[in-house]
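Chemist: Provided herewith is a single structure, encoded as structure tokens, for subsequent inquiry.
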Amino acid sequence: MAESQQREKQLEQHHHQAPPPTPTPPSDPPNPDMSESPISDSPRYPSWFTPKRLLVMFCVINLINYVDRGAIASNGVNGSIGVCDPSGICTAGTGIQGDFKLSNFEDGSLSSAFMVGLLVASPIFASLAKSHNPFRLIGVGLSIWTFATAGCGGSINFWTIAICRMLVGVGEASFISLAAPFIDDHAPATQKTAWLAMFYMCIPTGIAVGYVYGGFVGSSFSWRYAFWGEALSMLPFCVLAFVMKPLELKGLAPADTRKTLEPIETTSPLIEDSDVTEKASWPSPATKSLSQLSRFSRDMKALLLDKVYVVNVLGYVSYNFVIGAYSYWGPKAGYDIYHMNKPDLWFGGITIVCGILGTLAGGLILDAVTATIYNAFKLLSVATFLGAIFCFSAFCVRNLYGFVVLFALGELLVFATQAPVNYVSLRCVTPSLRPLAMAVSTVSIHIFGDVPSSPLAGILQDHVKNWRITTLAVTSVLFLASGIWFIGIFVSNKGSSDEDGKEEVSTVETIKKPLEENRTEGAKGPVEA
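Each number in this note's numbering corresponds to the 1-based position in the sequence shown with 196 added.
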């Protein structure tokens, strides 16, 4: 009897003993590299990817993108409508315009139809980058681009090819919004602007290759084969974007972290005996849409309140206004003023050579003087001002060769702004806003820049009927761009941007806070009544 009472007493004492404390796992040391989340042990680069391979891949994609722009404008693909002379002899139409019997208005609208999809989809893809893996979003966009380009080759009338061209813009939107932030994230610290310059150098190169490619394929085979060839060229990159381990962008939580933070069913072992469980409710589609719209509104407000970003984009819009008018009216103005033989060749050659050399030079110079927003604005202002002087002087001289020399020097200086202006757009905002910053910048320079510049220059020419006066008036807008970027020198800081560090802290805290709270709640004992 005494033994049983003693055993019961020991069991009662053991039952009331406090459970041993749960050992706290050692905290990970802080990771200075934002591209590697502190709660993710995945390597910064997957096994196949290296920074240089990423740059080469994006440059080739960008090149194919602009080959399409040049191809659809080439004579071999665009073609001409059939005409009949007064004697009754008719010449059959060629290319898209000849096959579909398009008016000049319909034909001209095809070259800019892609912009509809681009302007609508760019902010959407930039916003989705916060809730979906950006590298996979590029794969989605490239897939849309590939199918839409193949659809252009199989179109049967004006509306089918017009819709396909709009979808080409939708596909392009994901790439232009996300490629530059990826390059900036993974480029060496001392070569970031040079890498951006290599990327943007593919724009004039691609357009030039597109003219040649479209002319050769269209005249040798059919304009349809030109589009099908582009689609086949892009297809491997679509597959690569889906099968390779995705990369992450700075300021955005990795994919595995997003899954961790999603609503899940949780059961506490401390209250398991009472059969009480906690279930996190999944938000409805309407709630998700409202949440994304609210987040987009906050991000847009942050961009519009950023003085450095607004000044940079305003200068870029003015700059693109002139470039758009040059690209459309330049050959016709050159033929009228200087009676050029083959003005397309003259203007095309100058643009290609100066575009490549100027873009590379601008990136290398900014890296050489230390890439900061302050130095970028100084380079933008000085290069644009000197370029405006040379281009303005070119249209004042009477000699053709004097014009070519002065205009080439002016274009060389003007194209040196490509890398610095995009560097500012990337570095003046927090990393999580970079995709949206690039998207809004692209949308703005098209809506307010090159889209209205061509018709406005045409209206001015119809009024003054003098191409020299018209080109001088258009060129003078470059002085406005230089002045706007000069203001940017005073609204920017002289040092490097510290936004990366701020974003790193906020991102890590945002990710770790709910996890630490869950861990703390799980370690607490039952609450006594």
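Cβ coordinates follow ideal geometry from the N, Cα and C atoms, glycine included.
Fair warning: this is a prediction, and the values are worked out from it, not measured in the lab.
#1: So which of Ile277, Ala404, Asn508, Gly304 has the shortest CA-CA distance to Ile685?
#2: Can at least three beta-carbon pairs, one atom from the region 640 to 650 and one from the region 512 to 531, be found at a separation below 8 Å?
#3: In whole angstroms, give me the CA-to-CA distance for Pro239 and Val620.
#4: Since Thr613 is in the alpha helix (DSSP H), which residue starts that stretch and which ends it?
#5: Excluding the five sequence neighbours on either side, which residues of its own chain have a C-beta within less than 7 Å of the C-beta of Arg361, listed in chain order?
#6: Count the other C-beta atoms from every protein chain shown that fall within 10 angstroms of the C-beta of Ser470, then say buried if there are 16 or more, exposed otherwise.
#7: Looking at C-beta atoms only, is the number of pairs between the region 391 to 406 and the region 259 to 267 that lie closer than 8 Å three or more?
#8: Residues in the same chain with beta-carbon distance under 6 Å from Ala529, minus the five sequence neighbours each way, listed in chain order, please.
#9: Around the C-beta of Asp495, are 16 or more other C-beta atoms found within 10 angstroms, so that it is buried, or is it exposed?
#10: Are the CB atoms of Phe371 and Ile257 nearer to each other than 9 Å?
#11: Going along the chain, which residues of its own chain have a beta-carbon closer than 8 Å to the beta-carbon of Glu426, five neighbours each way excluded?
#12: Just the C-alpha distance for Gly679 and Ser577, rounded to the nearest angstrom, thanks.
#13: Count the C-beta pairs between the region 379 to 389 and the region 593 to 609 that are closer than 8 Å, then say yes if the count reaches three, no if not.
#14: CB Leu609 to CB Gly559, shorter than 9 Å?
#15: In angstroms with no decimal places, state the Cα-to-Cα distance between Val601 and Asn537.
#16: Please classify Val636 as buried or exposed, where buried requires at least 16 other C-beta atoms within 10 Å of its C-beta.
#17: I'd like to know whether the C-beta atoms of Ala393 and Leu575 end up nearer to each other than 9 Å.
#18: Can you tell me whether Thr287 is helix, strand or coil according to DSSP?
#19: In chain order, which alpha helix (DSSP H) runs of at least 4 residues are fully inside the region 244 to 282?
#20: Once DSSP output is grouped into helix, strand and coil, what is the label at Gly583?
#21: What is the DSSP secondary structure of His210, counted as helix, strand or coil?
#22: Would you kindly work out how many angstroms separate the C-alpha atoms of Ser649 and Trp525, rounded to a whole number?
#23: May I ask you to report which of helix, strand or coil DSSP gives Ala375?
#24: Sort Val273, Ser283, Phe492 by Cα distance to Gly289 and report the nearest one.
#25: Can you check which of these residues, Phe412, Glu444, Ser429, is closest to Pro330 by C-alpha distance?
#26: Please name the residue, chosen from Ile399, Phe301, Cys398, Ile292, that lies closest to Ile352 on a Cα-to-Cα basis.
#27: Could you give the DSSP three-state label for Thr483: helix, strand or coil?
#28: On a Cα-Cα basis, can you pick out the residue from Ala358, Val252, Ala590, Ile320 that is closest to Ala669?
#29: Would you tell me roughly how many angstroms separate the C-alpha atoms of Val252 and Phe438, rounded to the nearest one?
#30: At a threshold of 8 Å, does Lys297 count as lining the ligand SAH (C-beta to nearest heavy atom)?
#31: What are the boundary residues of the alpha helix (DSSP H) that includes Pro648?
#32: Taking the alpha helix (DSSP H) that Arg594 belongs to, which residues open and close that run?
Modeler: In short, the structure shows the following:
#1: Comparing Cα-Cα distances from Ile685 to each of Ile277, Ala404, Asn508, Gly304, the minimum goes to Asn508.
#2: With a cut-off of 8 Å, the region 512 to 531 and the region 640 to 650 count as touching, because enough Cβ pairs lie within range.
#3: Bear in mind that the predicted position of Pro239 carries a pLDDT of just 45, short of 50, making it unreliable; the figure below should be weighed with that in mind. Using only the alpha carbons, I get a separation of about 29 Å.
#4: Under the DSSP assignment, Thr613 falls outside any alpha helix (DSSP H); it carries neither an H nor an E label.
#5: Same-chain partners within the cutoff: Leu306, Ala309, Phe310, Cys348.
#6: Confidence at Ser470 is low in this model, with a pLDDT of 42, below 50, so its placement is unreliable and no value can be given for it.
#7: Enough Cβ pairs lie closer than 8 Å, so yes.
#8: Within the same chain, Ala529 has close Cβ partners Trp663, Thr667.
#9: Its Cβ being crowded by 16 or more others within 10 Å, Asp495 is buried.
#10: The answer is yes: Cβ separation under 9 Å.
#11: Setting aside the 5 residues that flank it on each side, Glu426 is surrounded in the same chain by Ile260, Val263, Asp264, Ala267, Thr345, each with a C-beta closer than 8 Å to its C-beta; the list follows chain order.
#12: When only Cα atoms are considered, Gly679 and Ser577 end up about 7 Å apart.
#13: Result no; under three Cβ-Cβ pairs closer than 8 Å.
#14: No.
#15: Taken atom to atom, the span from the alpha-carbon of Val601 to that of Asn537 is near 17 Å.
#16: Burial is judged here by how many other beta carbons sit within 10 angstroms of a residue's own beta carbon; Val636 has at least 16 and is buried.
#17: No; because the gap between Cβ atoms is not below 9 Å, this pair is not in contact.
#18: Of the three classes helix, strand and coil, the one that applies to Thr287 here is strand, per DSSP.
#19: Inside the region 244 to 282, DSSP marks whole alpha helix (DSSP H) runs of 4 or more residues at positions 247 to 269, 271 to 274, from first to last along the chain.
#20: The answer is helix: DSSP assigns Gly583 an H, G or I state.
#21: Residue confidence for His210 is low, a pLDDT of 49 falling below 50, so the modelled location carries little weight and cannot support an answer.
#22: Between Ser649 and Trp525, the C-alpha separation is close to 10 Å.
#23: The DSSP-derived three-state label of Ala375 is helix.
#24: Closest option to Gly289, judged by alpha-carbon separation, among Val273, Ser283, Phe492: Val273.
#25: Closest option to Pro330, Cα to Cα, is Glu444.
#26: Cα-wise, what sits closest to Ile352 is Ile292.
#27: In this structure, Thr483 counts as helix in the three-state DSSP scheme.
#28: Per the Cα distances, Ala590.
#29: If I take the Cα positions, the gap works out to 18 Å.
#30: Only the bare structure without any ligand can be found here, which leaves the ligand SAH out of the picture.
#31: Note, Pro648: alpha helix (DSSP H), 647 to 660.
#32: Here Arg594 belongs to no alpha helix (DSSP H), and DSSP marks it neither H nor E.
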